[in-house]
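All remarks here apply to the structure that follows.
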Amino acid sequence: MKQILLVTKETYLRQVKSWAFLFMVLSPFLFVGFSGGIGYLSGAAASSNHDLAIVSKEPSVPAAFSGVANVTFDYKDETAAKEAYEEKKIADYLLVEVVEHQVVGTYVGDSNPSPIYRSQLEQALGNVQSQLNVTEAHLTTEQQESLARQPLFKEELESESDNMLMKIGKTIAPMAISFVLYFMIIMYSSTTAQEIATEKGTKIMEVIFSSLPARNYFYGRILGIFGAILTHISVYLVGGFGAYQFFYRFPATAQMTKDVTPTIQAVFGNLNGIVVFYVLFGILLFVVISALCGSLVSRPEDAPKAAQPAVFLVMFGFVGSMVLEQSGRDNLLMQIGSYIPVTSPFFMPLRYINGSVNLLESLVSLLMLIATNIALIYFIGKSYAGLILQKDDLGFMQNLKKGLLRK
271 MKQILLVTKE TYLRQVKSWA FLFMVLSPFL FVGFSGGIGY LSGAAASSNH
321 DLAIVSKEPS VPAAFSGVAN VTFDYKDETA AKEAYEEKKI ADYLLVEVVE
371 HQVVGTYVGD SNPSPIYRSQ LEQALGNVQS QLNVTEAHLT TEQQESLARQ
421 PLFKEELESE SDNMLMKIGK TIAPMAISFV LYFMIIMYSS TTAQEIATEK
471 GTKIMEVIFS SLPARNYFYG RILGIFGAIL THISVYLVGG FGAYQFFYRF
521 PATAQMTKDV TPTIQAVFGN LNGIVVFYVL FGILLFVVIS ALCGSLVSRP
571 EDAPKAAQPA VFLVMFGFVG SMVLEQSGRD NLLMQIGSYI PVTSPFFMPL
621 RYINGSVNLL ESLVSLLMLI ATNIALIYFI GKSYAGLILQ KDDLGFMQNL
671 KKGLLRK
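First residue of the sequence shown: 271, per my numbering; consecutive thereafter.
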C-alpha cells in the first residue's frame, strides 16, 4: 500500500504542477475575468461620454435623480455643462430651476431622449416639485409623513413562471454536463495516453518494475490522476461560487447577476450528487481506457496517436447525447446507452435530469459504471508489466493479446 501511495503522490504532484494543468484549470476564469474586465472598462469609457449632466442649485435634486441611469452632478453651473457638452465630454445636460414656485427642467442635447428615459426624467422632476410643495406649505411632521406614505405593491407569481425556469434549467443543465464531460475527458485522456505511451518499452520501466510490482505502479498512476481530476472539479466549484459572490457584490455587475440568479439556481438545482458522481467516474473510465491504449502503442514515437480510440468513444457519446437529447424523446437508443458504461456518463444524467428515470434506475447504472472502472483497473493492473514492456510492432489487437498473456 505504501508503494501505491508513493506513486499516487508523485503522479498527483506532477499533474497539478504542470503548466498544462494550470492552463486547463485557470483558463475559464481568465477568460471570464478578461472578458468582464474589457467589457467593464469599455462600458466605463463609453458611459463617460454618454452621461446626462444635471445642473441645479436645489438641494433635493441629487436625491430625486439618484434612480436615473447615466447621470452626473459634476457640473455646478450651466456654463461648465455647456462647455463640456460642446467638447463632447457629456452627451447632454438638464438645467433644473425653480421659477415662480414651479420646477422647470430644460433639456439640451442633439436629439430627443427616448420615451422611457424622458419618463424617468419627468418622474424625478415631479419628486423635486413635490418636495418643494411640502417645504413651502409649512406642513407639520405628521402631515409630511402622511403625504410621503407610499402604496404597497405585492407580487404573487403564477406557476407558469416557475415552470419556465424549470424548463430552462432542464435544458441548460444536460448541455453543461455533456460539455464538461467532453472537454475534461479529452484533456485527461490525451495526457494520460501520451504519458504512458512515452514510457513504453523503456529501460526505466524495467528498473521500476524490478523493485515495484507493475500493478501497484499502475494503481498509483490511476489514483494520482483521479486526485488531479477531483482537484480540477473542486477548483471549478469553489472558484465558480467565489466568482458568483464577487459579481453579485460588484456594483457594475450586481444587477445583471441578480437578474440571472433564478436561472442559475434552476440549472444547479438539477446538478445533484448522482450527476457529479457520473462526471467523476465517467472521466475516470476514459482515463483508464486511454492508459490501456497508451500501453499498446508499438513505439514511444506513436504517443500522439495513443488517445485516438478513447477520443472516438468520447465523440460518439457526446454527439449521440446531443442528438438524442434534441429529439426530446426518451427513445430506445437513449435507454440502452444509459446502461452501457462508455455511454452512460453522457446518457443517464440527461434522462435523470429530464425525469425519464427514477433514483433507483440511476443508481443501478452508476453502480455498473463504478464496477466497470474497478474491474478494468484490476484487469489492466494484472497485465500491466506485459503491456508496457513488450516492444513488438504487431498491431493493436496482437499487442493487446500478447501483452495480456505476458504476466
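Backbone N, C-alpha and C fix where the C-beta goes; we use that ideal spot for every residue, glycine too.
Cβ shell of residue i (< 7 Å), same chain only, five flanking positions each side left out
{"i": "residue 635", "result": "608, 609, 614, 618"}
{"i": "residue 291", "result": "285, 498"}
{"i": "residue 457", "result": "294"}
{"i": "residue 212", "result": "A question about residue 212 goes unanswered here, because the residues of the chain that appear run from 271 up to 677."}
{"i": "residue 448", "result": "588, 591, 592, 616"}
{"i": "residue 620", "result": "444, 591, 595"}
{"i": "residue 338", "result": "390, 391, 394"}
{"i": "residue 452", "result": "584, 588"}
Chain-order list of residues whose beta-carbon lies under 6 Å from that of residue i (same chain, five-residue window excluded)
{"i": "residue 679", "result": "Here the chain has residues from 271 to 677 only, and residue 679 is not among them."}
{"i": "residue 577", "result": "459, 460, 463, 560"}
{"i": "residue 395", "result": "373, 375"}
{"i": "residue 554", "result": "496, 643"}
{"i": "residue 655", "result": "479, 484"}
{"i": "residue 348", "result": "325, 365"}
{"i": "residue 299", "result": "509"}
Buried or exposed by the 16-neighbour rule on C-beta atoms within 10 Å, applied to residue i
{"i": "residue 419", "result": "exposed"}
{"i": "residue 611", "result": "buried"}
{"i": "residue 376", "result": "exposed"}
{"i": "residue 558", "result": "buried"}
{"i": "residue 595", "result": "buried"}
{"i": "residue 604", "result": "buried"}
{"i": "residue 484", "result": "buried"}
{"i": "residue 552", "result": "buried"}
{"i": "residue 648", "result": "exposed"}
{"i": "residue 382", "result": "exposed"}
{"i": "residue 519", "result": "exposed"}
{"i": "residue 335", "result": "buried"}
{"i": "residue 278", "result": "buried"}
{"i": "residue 366", "result": "buried"}
{"i": "residue 304", "result": "exposed"}
{"i": "residue 584", "result": "buried"}
{"i": "residue 386", "result": "exposed"}
{"i": "residue 602", "result": "exposed"}
8 Å Cβ shell around residue i - same chain, five flanking residues per side excluded
{"i": "residue 323", "result": "341, 342, 343, 344, 345, 351, 354, 355, 360, 362, 363, 364"}
{"i": "residue 533", "result": "435, 438, 439, 442"}
{"i": "residue 502", "result": "291, 294, 295, 454"}
Residues bridged to residue i (per DSSP)
{"i": "residue 379", "result": "362"}
{"i": "residue 367", "result": "374"}
Contact with chain C by residue i, beta-carbon distance below 9 Å
{"i": "residue 419", "result": "In the structure shown, chain C does not exist; there is a single protein chain."}
Would you list, in sequence order, the uninterrupted beta strand (DSSP E) runs of no fewer than 3 residues that lie entirely inside the stretch 278-358? 322-325
Just to confirm the assignment: which complete alpha helix (DSSP H) runs, minimum length 4, are found wholly within the stretch 483-535? 484-519
Are the stretch 521-531 and the stretch 465-478 in contact at 8 Å, needing three or more beta carbon pairs? no
Three or more C-beta pairs closer than 8 Å, one from the stretch 579-593 and one from the stretch 501-514: is that the case here? no
Should the stretch 482-495 be regarded as contacting the stretch 533-541, the criterion being three or more beta carbon pairs within less than 8 Å? no
May I have a chain-ordered list of the alpha helix (DSSP H) segments no shorter than 4 residues that lie completely inside the stretch 616-652? 629-652
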